[in-house]
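Protein chains in written order, with the numbering used here: chain A, 56 to 178; chain B, 233 to 547. Presented below is the structure to which this report refers.
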């Protein structure tokens, strides 16, 4: 995939390690080791998703920043803080929400599905 | 056993006024303190000691526990107040051990805690009402600074760009509840910081973030999604807002304002997000290298998502 490197590519190597961790290291270990193994598996899964989704997400993120006239998230954060987007609040919120969803798609895609009806309502 | 543990054992026996103590075992090493268990005069006890380089958070805790106990809040009994002592090198306290469960997922899912779950919201509302009824003078010296300003500054100092949090902070500033009654606030009351047995709530632990503020802060924090640990119900993964508000009104005579509690839930969500960044930073700076802390950095977007969902239709 990423010449000059031979197969497997970076993502496939990670998958191989993650699968080994899932297969081999859960039984007969202390609860702390099992917990930290589970965390390690989650981290590797996250990096696998980032390798798969990251390039397209980076392009979309660049487009969002361009639409708002910002070079990067530092500038966007600063200009929101300074109140520069008072006239474009809905637009800024919608674009920022898109980035949140992209981040979640890599970090924890089930977070959105797990959400329950009562979140956001008070009674 | 290391020499420093030997020394601790000797010094602890001296502090306790006994010939010897036994079974000294380190339980946890949190970010700001160490927790040990030991036995003296056939009684199981807990030692909490500030970590080296600690920030003095143990300073008010024994006084706080005693005041809370006086108001009927279930807390561990303070045996020795070492918050101003140097006998164990750093500030400490010794409290009586209470048996029970603190692990949130077990409390939420084990059959053994079904009864404790059924009374949890009432128990916690009653506990908070008692705490909030204390006069703030009962524990002098507690921090009374504005939490929003504090967490905004923490976020700035961390230097990571979070446009989502900037939008949330603007909303929080523009919708701040009118000035409320001030009380002693626990500051971190949630599953993980309470001790439960089959019969119900046994003790409220981890008072190091207690301060003076709006009592509704404790209610909002209890509803933050992270503290539902994957369960569905908004209050600690166990109860509904309606149950919480009714139980708190019953116990305190004060009906919580849903909008105010939501403001504190939004703030709490931001606060947890900032804490996640701080934990990730502890790994990145080399203070505590840990893949678990590193991964917490990628949980920040969960809190951004939660805050946006809470504010949908309310911006």
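Even for Gly, the Cβ is constructed at its ideal location relative to N, Cα and C.
With 8 Å set as the bound, which would you pick, yes or no: does the beta-carbon of residue 301 of chain B sit closer than that to a beta-carbon of chain A? no
Is residue 294 of chain B close to chain A? Criterion is C-beta to C-beta, closer than 8 Å. no
Along the chain, where does the alpha helix (DSSP H) that runs through residue 403 of chain B open and close? 395 to 406
Using beta carbons (cut-off 8 Å, strictly below), is residue 289 of chain B in contact with chain A? no
Pick from B:543, B:522, B:507: whose alpha carbon is nearest that of residue 531 of chain B? B:507
Same chain only: Cβ atoms within 6 Å of residue 463 of chain B, ignoring 5 sequence neighbours per side: 340, 469
Contact the region 451 to 458 of chain B vs the region 395 to 407 of chain B: 3+ CB pairs below 8 Å: no
Please tell me whether residue 362 of chain B and residue 428 of chain B are closer than 8 Å, where the distance is taken between their beta carbons. no
Return the residue from the list B:517, B:293, B:303, B:390 that minimises the CA-CA distance to residue 315 of chain B. B:293
Mind checking if residue 173 of chain A is an interface residue toward chain B, Cβ cutoff 8 Å exclusive? Summary for residue 173 of chain A: the model assigns pLDDT 43, below 50, so the residue's position carries little reliability; its value from the coordinates is reported in the next sentence. With 8 Å as the cut-off, residue 173 of chain A counts as an interface residue toward chain B.
Name, in chain order, the residues that DSSP records as bridge partners for residue 319 of chain B. The partner list for residue 319 of chain B (beta bridge, DSSP) is empty, contrary to what the question assumes.
State the Cα-Cα distance for the pair residue 276 of chain B and residue 329 of chain B, rounded to the nearest angstrom. 6 Å
Quick one: using the 10 Å Cβ neighbour count with 16 as the cut-off for buried, is residue 482 of chain B buried or exposed? exposed
Over the uninterrupted alpha helix (DSSP H) stretch that includes residue 72 of chain A, give me the two end residues. 65 to 79
Within 10 Å of its beta-carbon, does residue 135 of chain A have 16 or more other beta-carbons around it, so buried, or fewer, so exposed? buried
CA nearest to the CA of residue 291 of chain B, picked from B:538, B:373, B:504: B:373
Three-state secondary structure assigned by DSSP to residue 371 of chain B: coil
Using alpha carbons as the reference points, say which of B:266, B:426, B:502 lies closest to residue 360 of chain B. B:426
How would you label residue 431 of chain B, buried or exposed, when you count the other beta carbons within 10 angstroms and need 16 or more for buried? exposed
Are the region 70 to 79 of chain A and the region 492 to 509 of chain B touching by the rule of at least three beta carbon pairs closer than 8 Å? no
Check whether the Cβ of residue 108 of chain A lies closer than 8 Å to any Cβ atom in chain B. no
What separation, rounded to the nearest whole angstrom, lies between the Cα atoms of residue 169 of chain A and residue 99 of chain A? 21 Å
Just reading off the alpha helix (DSSP H) that residue 268 of chain B is part of, what are its end residues? Residue 268 of chain B -> not in any alpha helix (DSSP H); beta strand (DSSP E) instead, spanning 265 to 272.
Buried or exposed, going by whether 16 or more other CB atoms sit within 10 Å of the CB of residue 498 of chain B? buried
Of the listed residues B:368, B:419, B:321, nearest to residue 243 of chain B (C-alpha basis): B:321
Please state whether DSSP places residue 472 of chain B in a helix, a strand or coil. coil
Members of the region 503 to 529 of chain B near chain A, C-beta cut-off 8 Å: 523, 524, 526, 527
Taking the alpha helix (DSSP H) that residue 153 of chain A belongs to, which residues open and close that run? 144 to 162
Closest to residue 284 of chain B by C-alpha separation, out of B:266, B:271, B:300, B:245, would be which residue? B:266
Using CA coordinates, which residue listed in B:410, B:335, B:364 is at the minimum distance from residue 491 of chain B? B:410
CB residue 550 of chain B to CB residue 447 of chain B, shorter than 8 Å? Missing from the structure shown is residue 550 of chain B; chain B here goes from 233 to 547 and no further.
Nearest-angstrom Cα separation, counted from residue 140 of chain A out to residue 540 of chain B: 17 Å
In the DSSP assignment, find the unbroken beta strand (DSSP E) run with residue 325 of chain B in it and report its ends. 324 to 328
Name the residue from B:281, B:382, B:537 whose alpha carbon lies nearest to the alpha carbon of residue 317 of chain B. B:281
Can you find a C-beta in chain B that's less than 8 Å from the C-beta of residue 95 of chain A? yes
Taking residue 434 of chain B as part of the alpha helix (DSSP H), name the residues at either end of that continuous run. Where residue 434 of chain B is concerned, there is no enclosing alpha helix (DSSP H), although the beta strand (DSSP E) it sits in stretches over 432 to 436.
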